[in-house]
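Notes to accompany the following structure.
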Amino acid sequence: MNVEGNLDDDAQPGAESVRVHPALRENASHGCLDEDALAAFVSGVGAGRAEALAHLTTCARCRHAVAMLTRLVTDEHIASEVRRSRAPAWPRRVRWTVGMAAAAAIALLLLRPSRTDDLVLPGSELREPPITVVGGPALIAPRGRVAAVTILTWSHVPRAARYRLRLYDSVGTAVWENETTDTTVTVASAIPLASGATYFWRVEAKTGRNRWVASELAQFTLAHSGP
Amino acid sequence: MEEAWLVPLGKGDCDKAWDVFLSSHRGLILATVRRYVQDYDDVMDVFARVCERLRADRLARLRRYADKPQDTHTARFSTWLVAVLRNLVIDWFRHRDGRKQLSNAARALPPLQQRIYENVFLNGRSHVEAYELLVSTGEHSLKFGSFLKEVAATYRAVSAGRRGFLMADLAGPVPLAPQSSSEHSSTPPPDVDDSPALVEALHTLPPDEQLAVQLFVIEEMPAAEVADLVGWPNAKMVYNRVSRALVAIRGQLEGQGLHRHDL
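Just so you know, the sequences run in chain order Z and V.
Residue numbering for the first sequence follows numbering that gives the first Met the number 0, starting at 0 and increasing by one per position.
Residue numbering for the second sequence follows numbering that gives the first Met the number 0, starting at 0 and increasing by one per position.
Below you can see the structure in the form of structure tokens.
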């Protein structure tokens with residue numbers, strides 16, 4: 000577990016300051032979680048998780064820090080910016096290349112025959128499936144050629160706390176992302192879907208902490224409007 | 000995904016690294032700052048200060064992350080960055096505008112809570128110190144248990160305002176409820192702010208249950224977030240196990256002659 004080195008390394012000498020509350024000073028040199036360890040705990044990862052948990056039961060300062068950091072990272076606007084910052088800003092040429100490669104991969108996946116029977120192990124048909132094999136949502140509609148798209152619908156996934164939907168255009172650029180607890184979502188009117196264009200969409204279901212199961216990638220094409 | 004700014008930083012090009020970092024994370028920095036303050040001028044002031052601190056000493060803060068071997072990072076960079084930003088924002092208010100901001104927040108409080116606020120929040124005194132000061136000056140003649148209830152009410156009042164999030168973070172942890180011996184005595188516990196019997200009872204629980212009780216009851220976090228943090232599957236388990244833990248704690252306290260009305 001990491002130890003915070005200096006809590007007041009940003010102190011401004013001579014500036015009028017508010018004294019740090021004793022609860023915030025306590026344990027500063029007794030194994031308090033540093034920024035890395037705090038972030039790891041809030042992310043639900045880290046080898047020293049048991050140690051961190053034990054420390055948090057006795058350190059009000061670190062517990063408060065965990066609570067406040069959790070409130071920050073689950074804030075809607077901050078979470079949205081995190082997702083945006085993770086999206087790679089590739090040059091146009093790279094985007095086209097990757098988009099075409101993605102389209103080829105998608106076509107291969109869609110054409111690949113289902114071989115789930117290969118996965119049945121001897122005797123496993125008598126057991127309850129383990130949690131780790133919960134399948135992703137099945138995308139119900141829209142698929143194929145459609146006249147219009149107002150609602151996207153998929154199947155329920157057991158234990159799913161929420162679903163994240165991503166809509167891609169024909170070159171693999173994400174054009175819309177949404178999270179919901181329902182199994183349908185209305186396409187925002189602000190998303191301009193071009194008639195005649197092909198789109199792909201995928202839904203991920205959150206089944207546990209940092210555990211998402213994804214659907215297959217489905218395709219739909221908006222029919223040309225007008226005569 | 001590897002952070003793109005690490006590449007120029009690795010080559011010693013701090014200016015380029017900063018440009019790449021800022022273009023990728025400007026939105027996240029601003030969103031974090033806006034969680035604390037909403038006025039445009041405040042947002043830009045804090046944003047500038049945060050950027051200044053991140054960029055100081057040839058990106059020393061970012062180097063703390065960069066210098067760790069990549070395979071030893073256990074958290075996402077974005078979560079780490081938010082943790083760093085939180086510290087920088089809180090430091091900014093604590094060391095520069097803290098007194099002014101906190102004073103504004105205290106104006107609407109009743110007189111006793113204003114005095115508690117001044118001692119605990121502004122001057123950083125422990126609850127025991129603040130109590131001793133209030134009693135010794137003859138301003139108030141309340142019992143220590145009643146005083147702690149006023150402290151808790153002060154925390155709640157300060158956290159409920161427009162800048163509640165900032166105030167809640169600046170205020171620090173909320174004290175546990177007082178115990179009966181303190182409630183009816185003018186002598187506070189010698190060296191701790193929280194009720195020893197309650198803390199002792201809490202520590203008999205398994206660590207994950209202790210933390211769940213502390214986060215759910217004291218920090219008032221949503222059950223789903225508590226479940227995520229302690230590694231339980233869902234919010235329902237938080238409700239069930241916290242409820243059972245509280246019953247167990249109550250049983251222990253009653254075994255010591257302390258009852259619900261005493262707390």
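Note that beta-carbon positions come from the ideal geometry of N, C-alpha and C, so glycine has one too.
query                                                                                                                           : result
Rounded straight-line distance, which links the Cα of Ser-188 of chain Z to that of Phe-219 of chain Z                          : 18 angstroms
Coil, strand or helix - Glu-215 of chain Z by DSSP                                                                              : coil
4-residue-minimum alpha helix (DSSP H) runs that sit fully inside the stretch 117 to 160 of chain V, ordered along the chain    : 126 to 135 and 143 to 158
Proximity test, Cβ basis, 8 angstroms: Ala-39 of chain Z and chain V                                                            : yes
Assigned exposure category for His-202 of chain V - 16 Cβ within 10 Å defines buried                                            : exposed
Listed by chain order, chain V residues near Val-81 of chain Z by CB distance under 7 angstroms                                 : Leu-27 and Ser-77
8 angstroms Cβ shell around Leu-132 of chain V - same chain, five flanking residues per side excluded                           : Asn-118 and Arg-124
Residue span of the beta strand (DSSP E) that contains Gly-207 of chain Z, given as start and end                               : 197 to 207
Buried versus exposed call for Ile-115 of chain V [16 or more other C-beta atoms within 10 Å across all chains shown]           : buried
Cutoff 6 angstroms; reference Arg-208 of chain Z; Cβ partners in own chain excluding five residues on either side               : Gly-43
Candidates Z:Ala-36, Z:Glu-215 and Z:Ala-53, of which the one nearest Val-202 of chain Z by Cα                                  : Z:Glu-215
Short CB-CB distance (under 8 angstroms) between His-155 of chain Z and chain V                                                 : no
Candidates Z:Gly-134, Z:Leu-68, Z:Pro-191 and Z:Arg-165: closest to Ser-154 of chain Z by CA position                           : Z:Gly-134
For Arg-52 of chain V, the three-state DSSP class (helix, strand or coil)                                                       : helix
Spatial distance of Gln-255 of chain V from Val-134 of chain V (CA atoms)                                                       : 29 angstroms
Below-8 angstroms beta-carbon distance, Gly-163 of chain V vs any chain Z residue                                               : no
Distance, Tyr-39 of chain V Cα to Met-0 of chain Z Cα                                                                           : Note on Met-0 of chain Z: pLDDT 44, under 50, position unreliable in the model; the coordinate value appears next. One C-alpha to the other measures close to 39 angstroms.
Supposed contact pair Phe-20 of chain V and Leu-84 of chain V - C-beta distance, whole angstroms, cut 8 angstroms               : Not really, about 13 angstroms apart at Cβ, beyond 8 angstroms.
Three-state secondary structure assigned by DSSP to Thr-182 of chain Z                                                          : coil
Given 8 angstroms, three or more beta-carbon pairs between the stretch 4 to 18 of chain V and the stretch 155 to 166 of chain Z : no
Neighbour flag for Leu-55 of chain Z against chain V, beta carbons, 8 angstroms                                                 : yes
Contact set between Glu-220 of chain V and chain Z, taken where Cβ atoms lie within less than 7 angstroms                       : The question names Glu, but residue 220 of chain V in the sequence shown is Met. Those are Ala-66 and Thr-69, listed as they occur along chain Z.
Cβ-heavy atom distance, Leu-138 of chain Z to the ligand HEM, below 7 angstroms                                                 : This structure simply doesn't include the ligand HEM, nor any ligand for that matter.
Trp-153 of chain Z - DSSP class collapsed to helix/strand/coil                                                                  : strand
Contact with chain Z by Gln-213 of chain V, beta-carbon distance below 8 angstroms                                              : yes
Partner residues on chain Z for Val-206 of chain V, Cβ-Cβ distance less than 9 angstroms                                        : First, the amino acid is wrong: residue 206 of chain V is Pro here, not Val. Ala-49, Leu-52, Ala-53, Leu-55 and Thr-56, listed in chain order.
Span separating the alpha-carbon of Val-81 of chain Z from that of Trp-231 of chain V                                           : 25 angstroms
Residues in the stretch 135 to 162 of chain V having any Cβ partner in chain Z nearer than 9 angstroms                          : none
Nearest neighbour of Leu-138 of chain Z, chosen from Z:Ala-146, Z:Arg-144, Z:Leu-151 and Z:Val-145 [CA to CA]                   : Z:Leu-151
His-240 of chain V and Ala-222 of chain V closer than 8 angstroms at C-beta                                                     : The residue you asked about is not His; residue 240 of chain V is Arg in the sequence shown. In this structure, Ala-222 of chain V does not lie closer than 8 angstroms to Arg-240 of chain V by Cβ.
Under the three-state DSSP convention, the category Ala-282 of chain Z falls into                                               : It is not possible to answer for residue 282 of chain Z, since the shown part of chain Z is limited to 0 through 226.
Cutoff 8 angstroms; reference Leu-29 of chain V; Cβ partners in own chain excluding five residues on either side                : Val-42 and Phe-46
CA-to-CA distance, Trp-79 of chain V to Trp-17 of chain V, given in whole angstroms                                             : 17 angstroms
Under 8 angstroms between C-beta atoms of Leu-27 of chain V and Ile-89 of chain V                                               : no
is_contact[Gly-230 of chain V, chain Z] using C-beta, thresh 8 angstroms                                                        : yes
Secondary structure of Ile-190 of chain Z, DSSP reduced to three states                                                         : coil
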